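*Asks:*
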Amino acid sequence: MKDKTIIPKSIAGFTEYIRMAYDAARVNMIAFNINAAEFAKITPLYDSFIRAEALCAYRATATAGSRVARKTAWRALEKHWRVFLNREVRINEAISTGDRLIFGLLPHDGIRTRAGVPSSVGRLVATRMSRCLFDVVVNEETVGRRKRPEHAAGSNLYSAVVDVRQPAPPMDTFHYEGFSSVCRHRVNFPEEYYAKQAYLFARYVNGHGEEGPAGPLMMILVS
Numbered sequence: 143m144k145d146k147t148i149i150p151k152s153i154a155g156f157t158e159y160i161r162m163a164y165d166a167a168r169v170n171m172i173a174f175n176i177n178a179a180e181f182a183k184i185t186p187l188y189d190s191f192i193r194a195e196a197l198c199a200y201r202a203t204a205t206a207g208s209r210v211a212r213k214t215a216w217r218a219l220e221k222h223w224r225v226f227l228n229r230e231v232r233i234n235e236a237i238s239t240g241d242r243l244i245f246g247l248l249p250h251d252g253i254r255t256r257a258g259v260p261s262s263v264g265r266l267v268a269t270r271m272s273r274c275l276f277d278v279v280v281n282e283e284t285v286g287r288r289k290r291p292e293h294a295a296g297s298n299l300y301s302a303v304v305d306v307r308q309p310a311p312p313m314d315t316f317h318y319e320g321f322s323s324v325c326r327h328r329v330n331f332p333e334e335y336y337a338k339q340a341y342l343f344a345r346y347v348n349g350h351g352e353e354g355p356a357g358p359l360m361m362i363l364v365s
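Here the sequence shown stands for residues 143 to 365, numbered as in the numbering used here.
1) Does the count of Cβ pairs from the segment 144 to 164 and the segment 326 to 336 closer than 8 Å reach three?
2) With C-beta atoms as the reference, is Glu180 less than 8 Å away from Phe226?
3) For the candidate residues Glu353, Tyr164 and Ala337, whose alpha-carbon lies nearest to that of Leu299?
4) Along the chain, where does the alpha helix (DSSP H) containing Asp189 start, and where does it finish?
5) May I ask which residues mark the beginning and end of the beta strand (DSSP E) holding Glu319?
6) DSSP three-state call for Pro355: helix, strand or coil?
7) If you compare alpha carbons, which of Lys221, Leu359, Ala196 and Ala294 is closest to Pro311?
8) With 16 other CB atoms within 10 Å as the buried threshold, where does Phe331 fall?
9) Can you give me the C-alpha to C-alpha distance between Pro291 and Ala194, rounded to a whole angstrom?
10) Please report the Cβ distance between Ser301 and Leu342, rounded to the nearest whole angstrom; I am assuming they are in contact, meaning their Cβ atoms lie under 8 Å.
11) For Leu227, which residues does DSSP report across the bridge?
12) Put His293 into one of helix, strand or coil per three-state DSSP.
13) Could you tell me the alpha carbon to alpha carbon distance between Ala163 and Ala236, rounded to whole angstroms?
14) Under a Cβ-count criterion, where at least 16 other Cβ atoms within 10 Å of its own Cβ denotes burial, should Gly240 be classed as buried or exposed?
15) Which of helix, strand or coil does DSSP assign to Arg307?
16) Given 7 Å as the limit, tell me if Ala340 has its C-beta closer than that to any heavy atom belonging to the ligand NAP.
17) Which same chain residues, not among the five before or five after Ala204, have their C-beta less than 8 Å away from its C-beta?
18) Drop a sphere of 10 angstroms on the beta-carbon of Arg212, count the other beta-carbons inside from all chains shown, and report buried for 16 or more, exposed for fewer.
19) If you follow the beta strand (DSSP E) that Met360 is in, where does it begin and where does it stop?
20) Tell me which same chain residues have a C-beta within less than 6 Å of the C-beta of Arg256, skipping the five on either side of it?
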């Protein structure tokens with residue numbers, strides 16, 4: 143059975159993911175037995191996306207045009223990156239199960255082996271980085287690859303945005319913000335959510351893609 147691929151759907155989550163995954167492929171190209179010609183096809187698309195993302199990170203250059211350009215670069219990179227994963231990573235025996243997690247590949251066994259379910263998440267810590275951009279740490283005391291709880295390969299983050307003073311919607315309607323192997327997420331809310339109220343919660347996830355219990359809700363003001 144194929145590995146399950148988890149690529150974040152939010153722009154902030156994808157940016158964090160692709161930086162880590164691209165660097166892992168570049169630095170370990172020989173060790174991972176990655177075809178240099180295939181990787182070279184990704185580089186211009188990656189560079190184009192990173193430049194577009196940099197323009198959108200600052201108010202002075204974050205125009206409607208730059209955001210459209212970023213979205214276009216994002217979609218082009220993600221499309222070709224998925225092809226690269228299928229050709230160079232998914233069936234590559236030189237890449238261990240642990241290293242596959244960096245690429246967002248969660249293993250699925252033909253005969254399901256038992257994997258423990260991670261414990262529930264504790265208190266989230268959210269820090270405003272810039273307008274509508276937040277850094278969210280899952281269990282501040284356990285952040286980092288060496289301090290994750292038992293059975294946890296990382297964490298999934300979910301969000302919902304409502305008008306101020308409105309209650310949180312049902313958890314099963316929350317938007318999936320993405321996976322982080324280091325239990326630290328970047329959430330970049332759209333501009334139209336400015337001055338609204340956001341609810342967040344997280345779940346630890348194991349190497350089989352099975353989630354632990356939902357953690358407590360956190361409420362922040364998008365600013």
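Glycine residues also receive a C-beta, built at the ideal position from the N, C-alpha and C atoms. In this text the structure is predicted, and so the values were computed from the model without any measurement.
*Replies:* So, from the data block:
1) yes
2) Residue numbering aside, residue 180 sits at position 38 when the sequence shown is read from its first letter. Residue numbering aside, residue 226 sits at position 84 when the sequence shown is read from its first letter. Going by C-beta atoms, Glu180 is nearer than 8 Å to Phe226.
3) Position 157 of the sequence shown, counted from the start, is the residue given in the question as residue 299. Among Glu353, Tyr164 and Ala337, the Cα nearest to that of Leu299 belongs to Glu353.
4) Walking along the sequence shown from the start, residue 189 turns up at place 47. Taken as a continuous stretch (DSSP letters only), the alpha helix (DSSP H) holding Asp189 covers Ala178 to Cys198.
5) In the sequence shown, counting from the first residue as 1, residue 319 sits at position 177. Counting along the chain, the beta strand (DSSP E) containing Glu319 begins and ends at His317 to Ser322.
6) Here the question's residue 355 lines up with position 213 in the sequence shown. If DSSP states are grouped into helix, strand and coil, Pro355 belongs with coil.
7) The residue given as residue 311 occupies position 169 in the sequence shown. Ranking Lys221, Leu359, Ala196 and Ala294 by Cα distance to Pro311 puts Leu359 first.
8) Looking up residue 331 in the sequence shown gives position 189. Buried, since its Cβ has 16 or more Cβ neighbours within 10 Å.
9) Working through the sequence shown from its first residue, we reach residue 291 at position 149. Working through the sequence shown from its first residue, we reach residue 194 at position 52. Cα to Cα, the separation comes out at about 36 Å.
10) Sequence index remark: in the sequence shown, residue 301 carries index 159 (1-based). Sequence index remark: in the sequence shown, residue 342 carries index 200 (1-based). Rounded, the Cβ-Cβ distance is 5 Å, consistent with contact.
11) Numbered from 1 along the sequence shown, position 85 holds the residue referred to as residue 227. Per DSSP, none; premise fails for Leu227.
12) For the purposes of this step, residue 293 is identified with residue 151 of the sequence shown, where counting begins at 1. DSSP places His293 in coil when its eight states are reduced to three.
13) If you number the sequence shown from 1, residue 163 lands on position 21. If you number the sequence shown from 1, residue 236 lands on position 94. About 16 Å.
14) If you number the sequence shown from 1, residue 240 lands on position 98. Result: exposed.
15) The count along the sequence shown starts at 1 and reaches residue 307 at position 165. In the structure shown, Arg307 sits in coil (DSSP, three-state: anything other than H, G, I, E or B).
16) What this structure holds is no ligand at all, so the ligand NAP is not there to describe.
17) Position 62 of the sequence shown, counted from the start, is the residue given in the question as residue 204. If we look at Ala204 and ignore the five residues flanking it on each side, its Cβ neighbours are Leu197 and Cys198.
18) Counted from its first residue, the sequence shown places residue 212 at position 70. Buried, by the Cβ-count rule.
19) Along the sequence shown, read from residue 1 onward, the residue named residue 360 stands at position 218. Counting along the chain, the beta strand (DSSP E) containing Met360 begins and ends at Met360 to Leu363.
20) As a first step, residue 256 is located in the sequence shown; it is residue number 114 there, counting from the start. Only weak support exists for where Arg256 lies, its pLDDT of 44 falling under 50; the coordinates are left without a value.
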